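*Asks:* 115 is the number that the numbering used here gives to position 63 of the sequence shown; each next residue is one higher, with no gaps.
Beta carbons: idealized from backbone N, C-alpha and C, even for Gly.
Remember, it's a predicted structure, so these values are computed and weren't measured experimentally.
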Amino acid sequence: MKPHDSVPYSLPDIDDAERITRARSFQEKISQRRTCRYFSDAPVPREIIEAAILAGGSAPNGANHQPWHFAVVSSPDKKKAIREAAEEEEREFYGADSDKAKASEQWLDALAPLGTDEDKPFLETAPWLIVVFAQRKGGIEEDGKTQNYYVNESVGIACGMLISTLHEAGLATLTHTPSPMGFLRDLCGRPPEEKPLMIIVAGKPAEDATVPTHALKKKPLTQIASWL
Ligand code: IYR
């Protein structure tokens, strides 16, 4: 390896039995996460959102450029504006106002077991919307020019860690991806080199919240892994 500045790195010295216990315990917890579409309007402390964003911001990423920005929306007016713009796109996607949906029949068929449609009340009900932006350029200094690398991969991992933290904190989440979502850049006042990637909706689940049974079907290990 070429010479570079470095500091020591170590992890707690536990035995393998303890490692297995911890891995299984975390797996059990994180496997309880569900995508929730019914939120309570009960307030949620900002500290939880801050901790989750800091967890996401520690994700592995290309050249440590940390190519992400999280625009956190809680103002009722801003949430309303996001809902209205998102629903306008979704009406076209689902073909709500015409007989020609933008989405293919195949895509709509795939979504049928989830019961999604153009109504997105959760964008106003939930206390927090975290609008995630991917920075195509900027580097660690965010100069708007330096090339970033593996941007989608990096921001995707960050979102996973952020969502895991919110789940650990006992909050429900929903990754919402209105399509197209360029309007989020304007609504959040972000620069042109940033691409909106998703909205992470966070809050307490509504008392009568449900999840589609389809979402409970998880592929077994034998299907999702091969050992070479
Ligand atoms: N953006 C739409 C459609 C949608 C697409 C996929 I793939 C999903 O897993 C869920 C929804 C919507 O939010 O309704």
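Measure the CB-CB distance between residue 250 and residue 228 and report whether it falls below 8 Å.
*Replies:* Yes; because the gap between Cβ atoms is below 8 Å, this pair is in contact.
*Asks:* Output the boundary residues of the alpha helix (DSSP H) element that contains residue 132.
*Replies:* Unbroken alpha helix (DSSP H) run through residue 132: 128–146.
*Asks:* I need the straight-line Cα distance from residue 79 to residue 243, nearest angstrom please.
*Replies:* In a straight line, the C-alpha of residue 79 is about 38 Å away from that of residue 243.
*Asks:* Just checking my contact of residue 134 with residue 184 at CB under 8 Å: how many whole Å lie between their CB atoms?
*Replies:* Actually they do not touch by this definition, with Cβ atoms about 13 Å apart.
*Asks:* On the three-state DSSP scale, how would you describe residue 257?
*Replies:* Residue state, collapsed to three classes: strand.
*Asks:* Using only alpha-carbon positions, find the residue among 100, 259, 65, 90 that is nearest to residue 217.
*Replies:* Comparing Cα positions, the closest option is 100.
*Asks:* Would the beta-carbon of residue 158 fall within 8 Å of that of residue 246?
*Replies:* No, the Cβ-Cβ distance between residue 158 and residue 246 is not below 8 Å.
*Asks:* Classify residue 113 as buried or exposed, calling it buried when 16 or more other Cβ atoms lie within 10 Å of its own Cβ.
*Replies:* Residue 113 comes out buried.
*Asks:* Below 8 Å CB to CB, which residues in the same chain sit around residue 153 once its five sequence neighbours on both sides are set aside?
*Replies:* For residue 153, where only same-chain residues beyond five positions count, the Cβ hits under 8 Å are 144, 145, 146, 147, 160.
*Asks:* Please list, in chain order, all residues of the same chain as residue 236 whose beta carbon is under 6 Å from its beta carbon, the five residues on each side excluded.
*Replies:* The answer, listed in chain order, is 183, 248.
*Asks:* Given this structure, state the Cα-to-Cα distance separating residue 174 from residue 211, to the nearest angstrom.
*Replies:* Straight-line Cα distance between these residues: approximately 19 Å.
*Asks:* Less than 8 Å separating the beta-carbons of residue 219 and residue 82?
*Replies:* Yes.
*Asks:* Should residue 157 be counted as a contact of the ligand IYR given a C-beta to heavy atom distance under 7 Å?
*Replies:* No, the beta carbon of residue 157 sits no closer than 7 Å to any heavy atom of the ligand IYR.
*Asks:* Look up residue 170 in the DSSP assignment and say whether it is helix, strand or coil.
*Replies:* The answer is coil: DSSP assigns residue 170 none of H, G, I, E or B.
*Asks:* Starting from residue 111 and walking both ways along the beta strand (DSSP E), at which residues does that stretch end?
*Replies:* Per DSSP, residue 111 belongs to no beta strand (DSSP E) and is neither H nor E.
*Asks:* If you measure from the CB of residue 228, is any heavy atom of the ligand IYR nearer than 7 Å?
*Replies:* It does: the Cβ of residue 228 is within 7 Å (strictly closer) of some heavy atom of the ligand IYR.
*Asks:* Below 8 Å, how does it come out for the segment 163–180 and the segment 254–270: are there three or more Cβ pairs, yes or no?
*Replies:* Result yes; three or more Cβ-Cβ pairs closer than 8 Å.
*Asks:* Does DSSP classify residue 275 as helix, strand or coil?
*Replies:* Residue 275 falls in the helix class under three-state DSSP.
*Asks:* Quick check: is any heavy atom of the ligand IYR less than 7 Å from the C-beta of residue 231?
*Replies:* Result yes, Cβ under 7 Å from the ligand IYR.
*Asks:* Going by CA-CA distance only, name the one from 164, 126, 163, 170 that's closest to residue 137.
*Replies:* Nearest of 164, 126, 163, 170 to residue 137, Cα basis: 170.
*Asks:* Nearest CA to the CA of residue 168: which residue from 129, 278, 226, 193?
*Replies:* Checked all of 129, 278, 226, 193; the closest Cα to residue 168 is 226.
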